[in-house]
């Protein structure tokens, strides 16, 4: 809008600005820390003659709580009645709509499978939703961020209240600067879980400058179970330099003094509108209200409840009826019910087991070492037996001393004066509540657990258990939570049931001696015609002076069937450690990638289950978990446990996340080579057959935790297989047909291949090899039979050395005898050769004599050597002679003629 004024000379020009046409703002601070106050025209206003800029307050200036900065005079003024101010802070406590400055950004951050465009489109309807007093997160598996940007002139903080009860949705709060870099103050950005119905608080320091605040949630949908959203309210930001206006009190609150830093809630039966200085009283006959008066409905049977008075000396109790407070119904309208008359006397029910009525009006616990069923006097336990300590509540005349009931509303409505649960003779039932989303809470505190002496110290034995029978009757949506709190640190949901359920029994096993608080919380999601829950609590083996009626005989722990030789008698160093296995990946219906992670501890350590699984693992190391396990409510210790792992690249987180941790085996049944033990069997085709002849050893476990799909609890079989090719801890695997470790969700199978699963070695597993005899000594070596299928046990003998008769001696003797024989043969050969020469000589001589005297018969001559003859004469061969031989013969002949 522009104002055109006509001047005296008929020319048109802009009119001078009025005070309502502009407002004052500060310029950005300069390097010296100073700024200017300038006048800025309001939107759609054009005028002239704006006030000149003036020197502003220093940049760090701020007003006190209950004051605001009046910009015209630059002074702090008190807020008027009906308004409030935080001084240097801003607060968001009304969530009828998304406040100015807040925005929603929804994405699907899993980029592993499918088209990114399709996933982005699937999250268009996901957002944080205002719900009046609080804002609610998304319930799907999209990642939704609630964003608010603020510029601080000095250091400050952000504070908010929240409810975060479901670990199937991840909730993180972090801060970025204007460069989209996370601030150091948000290193621990994961927000802790809260108890059902409880509001937690979270605060973070803010630095001066630009701060972008993110409340980010991501749901993990692993089935059809509905994710409980995160609720946030009362966001307060401190550190803004000033506030130039005060905030009006929201409906249902008021501020009756100037300079208020907050607003007060209107008393009961009064109401107020926005910015009220006081609350207006409703007409008590017709209305009740807070932000507005509402007509009172006619009274029904849901507006009152009955109680039983303590038993009197005559054993009688009176039935008393009382209105549920605050009473909001009317009795003076048609069809309205009036309060039934009280005072009817009835016989008192018997005492609960472990108590007795000693001619008094109350039940007294039995003395130590005695027992009672509640109808008779306490008796001493027979010899050889001990009392089974515990609580057993069968009769509900009054609420037991270790139980309490309350009502809590997530919308912060006041239902504290209402009874959450009401005793009703043989059961206890939920109350009517005040409105939808009320939590009707029943608490049972157990100081500790003590098992019977006969099973104390037994591996895998339970310390106690709690059993209760319940049914839910709902004509609309409803849910019953059963929760456990260990050492009053944090409450975890153990199990929950939605909608109507038939009467059934549920048992929860306790394997840790600690202080427990068990909680039943019933919530009505939508208004229904008939919504109630009945509950009966059975024995809870608690360390107490109140024994249950039976005295069980002392029993011994029987031995378990042993495996092949050696395995049951030793504690292998590697297999005694915890083995881990990651199987997968698998994908949800929306494409979110996840893995199944298993930890397995075969026998634990000195009775302690060493397999540990935790939820929401971020920067906490497993070592810290073990050292301070009491501080982690989502800590699961068992023989076999399982967690679902969301990888860091699946949802855009900086680290992998774990959720849905649960125990698969909390009781060790035994180990055997048989394929069945206590109705738990393993089929032959689950795993391929072993290549070795060593039989597999099956470890059987049982989990007593009952689920909807596993009425008898879960079972686990770990098959130990000898494999010499896999040393040390070896390798874990699951069936190829069941990559999640189970095909039916109730029985899990694992095969653990390792060299340390082989039997102990004996003398039959090695053989000896004898070496050659050297210098009178012989070595004997021992080697394992191949392939080797044993470990440890009998060690391989050391090398043995023994004396022996060496081969060299007999070789020398043989060589000497051979040499002597050879010399003898040569000598004999020479001798006979020479003798032969002489004979040939004689013969030659005889032949030549015959040739010299032709036609004359030769005279008889002796072939013997005549006396004086030389036996060394040359021999002339009678056979074919050589040339030299012929010359010698001729010379002999001439010489002979000469002598004759």
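Residue numbers (my numbering): 406 to 1305.
Backbone N, C-alpha and C fix where the C-beta goes; we use that ideal spot for every residue, glycine too.
Values in this document were obtained by computation on a predicted structure and should not be read as measured data.
Nearest candidate by alpha-carbon position, reference residue 1046, set 794, 576, 1152 and 1135: Here the closest residue by C-alpha is 1152.
Residue 1253 in three-state terms, based on DSSP: Helix, per DSSP.
Own chain residues within Cβ distance below 8 Å of residue 465, not counting five before or after: When the five nearest sequence neighbours on each side are left out, the beta carbons in the same chain lying within less than 8 Å of the beta carbon of residue 465 are those of 438, 558, 559 and 646, in order along the chain.
Touching by the beta-carbon criterion (3+ pairs, under 8 Å), the region 562 to 578 and the region 647 to 665: At 8 Å Cβ cutoff, the stretches do not touch.
Beta-bridge pairing of residue 1173 - partner residues as DSSP gives them: In the DSSP output, where bridge partners are listed per residue, residue 1173 has 1187.
Per-residue burial, residue 1108 [other beta carbons within 10 Å of its own, 16 or more giving buried]: By the neighbour-count rule (16 or more Cβ atoms within 10 Å), residue 1108 is buried.
3-residue-minimum beta strand (DSSP E) runs that sit fully inside the region 742 to 769, ordered along the chain: Within the region 742 to 769, the complete beta strand (DSSP E) runs of at least 3 residues are 749 to 752.
Through-space distance from residue 457 to residue 424, alpha-carbon basis: So the two alpha carbons sit approximately 13 Å from each other.
Reduced DSSP secondary structure (H/G/I, E/B, other) of residue 1238: When DSSP states are grouped into helix, strand and coil, residue 1238 belongs to the helix group.
Residue 404 versus 809, 777, 753 and 835, residue with shortest Cα-Cα distance: Residue 404 lies beyond the residue range present for the chain, which begins at 406 and ends at 1305; the question has no answer from this structure.
The region 900 to 910 / the region 843 to 852 touching (three or more Cβ pairs under 8 Å): Flag = no, the region 900 to 910 and the region 843 to 852 do not touch.
Rounded C-alpha distance that separates residue 1041 from residue 1070: Their backbone Cα atoms lie some 11 Å apart in a straight line.
Buried versus exposed call for residue 929 [16 or more other C-beta atoms within 10 Å across all chains shown]: Note on residue 929: 16 or more other CB atoms within 10 angstroms of its CB, so buried under the neighbour-count rule.
Residue environment, residue 750, which counts as buried when at least 16 other CB atoms sit within 10 Å: So residue 750 ends up on the exposed side.
Nearest-angstrom Cα separation, counted from residue 633 out to residue 663: Going by C-alpha positions, residue 663 is about 41 Å away from residue 633.
Beta carbon of residue 786 nearer than 8 Å to that of residue 796: Not a contact, by the Cβ cut-off of 8 Å.
Exposure label - residue 472; buried when at least 16 CB within 10 Å: Around the beta carbon of residue 472, 16 or more other beta carbons sit within 10 angstroms, so the residue counts as buried.
C-beta contact flag for residue 1124 and residue 1155 at 8 Å: Pairing residue 1124 with residue 1155 gives a Cβ-Cβ distance under 8 Å.
Closest residue to residue 679 among 1196, 501 and 434 (Cα-Cα distance): If we check each option's Cα against that of residue 679, 501 comes out closest.
Own chain residues within Cβ distance below 8 Å of residue 702, not counting five before or after: The residues are 733, 734 and 735.
Beta-carbon contacts of residue 667 that lie in its chain and below 7 Å, excluding the five residues immediately before and after: Hits under 7 Å: 489.
Cutoff 6 Å; reference residue 422; Cβ partners in own chain excluding five residues on either side: Here the set comprises 452, 454 and 455.
Own chain, CB closer than 8 Å to residue 1174, minus 5 neighbours either side, in chain order: If we look at residue 1174 and ignore the five residues flanking it on each side, its Cβ neighbours are 1185, 1186, 1187 and 1188.
Reduced DSSP category for residue 424 - H, G, I as helix; E, B as strand; rest coil: Helix.
Close beta carbons around residue 528, own chain, < 8 Å, minus the five adjacent residues each side: Excluding residues within five positions, the ones whose Cβ falls inside 8 Å are 511, 512, 513, 545, 547, 548 and 549.
Assumed close pair residue 562, residue 644 - CB separation to whole angstroms, cut-off 8 Å: For residue 562 against residue 644, the beta-carbon gap comes to about 7 Å, under 8 Å, which counts as contact.
CB contact flag (residue 484, residue 474, <8 Å): Contact: no.
Contiguous alpha helix (DSSP H) assignments of at least 4 residues, all confined to the region 610 to 698: As far as the region 610 to 698 is concerned, it has no whole alpha helix (DSSP H) run of at least 4 residues.
Exposure of residue 497, with buried meaning 16 or more beta-carbon neighbours within 10 Å: It is buried - the Cβ of residue 497 has at least 16 other Cβ atoms within 10 Å.
Boundaries of the beta strand (DSSP E) in which residue 1070 is found, first to last residue: It spans 1062 to 1070 - the beta strand (DSSP E) in which residue 1070 sits, taken as one unbroken run.
Nonlocal neighbours in the same chain, by C-beta distance under 8 Å from residue 721, ignoring five residues either side: 750, 751, 752 and 753, listed in sequence order.
Unbroken beta strand (DSSP E) run spanning residue 1196, endpoints: 1196 to 1198 is the extent of the beta strand (DSSP E) around residue 1196.
Given 8 Å, three or more beta-carbon pairs between the region 869 to 887 and the region 904 to 916: Taking a cut-off of 8 Å on C-beta distances, the region 869 to 887 touches the region 904 to 916, as three or more cross pairs fall below it.
Assigned secondary structure, residue 1168 (DSSP; H/G/I helix, E/B strand, else coil): In the structure shown, residue 1168 adopts helical secondary structure according to DSSP, grouped into three states.
Short Cβ contact (8 Å threshold) for residue 1311 with residue 981: With the chain running from 406 to 1305 in the structure shown, residue 1311 is simply not present.
Residues sharing a beta bridge with residue 911, DSSP: DSSP output for residue 911 lists 873 as bridge partner(s).
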